[in-house]
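Okay, so the sequence shown: first residue is 89 according to this note's numbering, each after it adds one. Built from N, CA and C at the ideal position, the CB exists for glycine as well. Okay, structure first, notes after.
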Amino acid sequence: WYNVIGNHDINYDASNDKLSDETFERAFGPSYYSFDYGQVHFIVLDDIEWIVPEENKDTKKEKKGHYQGGLGKEQLEFIKNDLQQIPADQLVVLMMHIPMIEIEDRQDLYRLIEKRPFCMSISGHTHHHEHRFITKEDGWRGPKPHHHIINVTVSGSWWSGSPDERGIPHTMMADGAPNGYSLITFDGTEYDLDFRAAGRSASYQMNILAPEQVTADQTAETEVYANIFNGSERSKVEMQVGNSGSWAVMEKIDEIDPSYKQLSETENAVEGKKYRDLPKAKKSSHLWRTKLPAGLKPGTHLIRIRTVEMDGDKHQSGRVIRVLPAKPVEKTASTTVTEK
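Structure follows, in structure tokens:
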């Protein structure tokens, strides 16, 4: 095990940031360090900066202490010195708790890694799953975007939501992805990340949202959503209806997953419940949408969704939709008035 310190691992009564790590260090060792595993160089970072309580000069009351994302000069110097020993053609993986894009002094970190051709990073903290590509919009100056993975959590939405038959909350995350974990395979400078939903088979990689049934005259206006758990802006997602239908490219959208929104609103409204409320829905970075084709005949149809991920992994799933005959147009009686 290689432990990464997080905000739940620090001492909230510490008098400074350095002492906030002492309990973690006593149990697990240094709060930041590096190591080689195979051909990959890993740097584990401590990006939890403890801001000690201060007295408010106006009210004479003590301000509450808090944490923020930060590295500090000493740790940045460690990273600089460490990377000087690592060949440019070796893959470097940074691991941290708070996402890199939320670190206060991340620009200093960018300057240390942006010229390396093989570098990626992983974090957690936010309890959702996302592939972020850091570009010049965030101050990155490297020749290509930096791939940063905000990884799925085992606890999902902090063990909230209604329990299953085992008494375990379903704890779906606020972006519509299930709780779980990831497996990363390294091959030289290449890497492949696989999403694993807790308690489900490895083939469970997406949720498809579509109505159970729709009338034939409404198909062209009926939306279908696909939440591809490990999807990113570099994924290709397509939909097919029936065995002979053509594959249509789905549109990537930055919106709230409608199925999670409905689930959270329904469960949170239950009175006298004995489980924790699900958190408020957040926009999903792995959601796609399109509409059913026009002219679907009445009957049952199989919707298929397939995706090709950025690393070449392919996944496919489906769900059935029932098309009902179009409602007949009601004829209205007409009255003719004749003037005398």
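query	result
CB-CB length for Val-132 against Tyr-90, believed under 8 Å	6 Å
For Ser-248 and Val-358, the rounded distance between their alpha carbons	14 Å
Through-space distance from Pro-257 to Asp-365, alpha-carbon basis	11 Å
Cβ-Cβ distance between Leu-390 and Val-337 below 9 Å	no
Ser-347 in three-state terms, based on DSSP	helix
Given 8 Å, three or more beta-carbon pairs between the region 182–191 and the region 152–165	yes
Whole-angstrom C-beta distance between Gly-319 and Val-312, which should lie under 8 Å	In fact, because the Cβ distance is near 15 Å, the residues do not count as touching under 8 Å.
Opening and closing residue of the beta strand (DSSP E) in which Asp-275 lies	268–275
Identified DSSP bridge partners for Val-358	Paired residue(s): none; Val-358 is not in a bridge.
Reduced DSSP secondary structure (H/G/I, E/B, other) of Lys-415	coil
Cβ pair Tyr-285, His-215 closer than 9 Å	Residue 285 is actually Ala in this sequence, not Tyr. In this structure, His-215 does not lie closer than 9 Å to Ala-285 by Cβ.
CB-CB length for Lys-385 against Val-411, believed under 8 Å	7 Å
Minimum length 3: unbroken beta strand (DSSP E) runs contained in the region 242–323	268–275, 278–285, 294–297, 301–303, 311–316
Integer-rounded CB distance, given that Pro-381 should sit under 8 Å from Thr-277	That pair is no contact at about 42 Å.
Trp-376 burial status per 10 Å Cβ neighbour count (16 or more: buried)	buried
Spatial distance of Asp-275 from Gln-127 (CA atoms)	8 Å
Among Gln-301, Pro-175, Glu-142, the one whose alpha carbon lies nearest that of Ala-414	Gln-301
Gly-194 and Ser-373 closer than 9 Å at C-beta	In the sequence on display, residue 194 carries Arg and not Gly. No, the pair does not count as a contact, with Cβ atoms beyond the cut-off.
Distance CB(His-213)-CB(Ile-222) smaller than 9 Å	no
Chain-order list of residues whose beta-carbon lies under 6 Å from that of Ile-167 (same chain, five-residue window excluded)	Leu-200
As assigned by DSSP and simplified to three states, the class of Leu-366	coil
Inter-residue Cα distance where the pair is Asn-295 and Lys-349	14 Å
Helix, strand or coil at Thr-223 [DSSP, three-state]	coil
Buried versus exposed, by CB contacts within 10 Å (16 or more), Val-180	buried
Three-state class that DSSP yields for Leu-380 in the structure shown	coil
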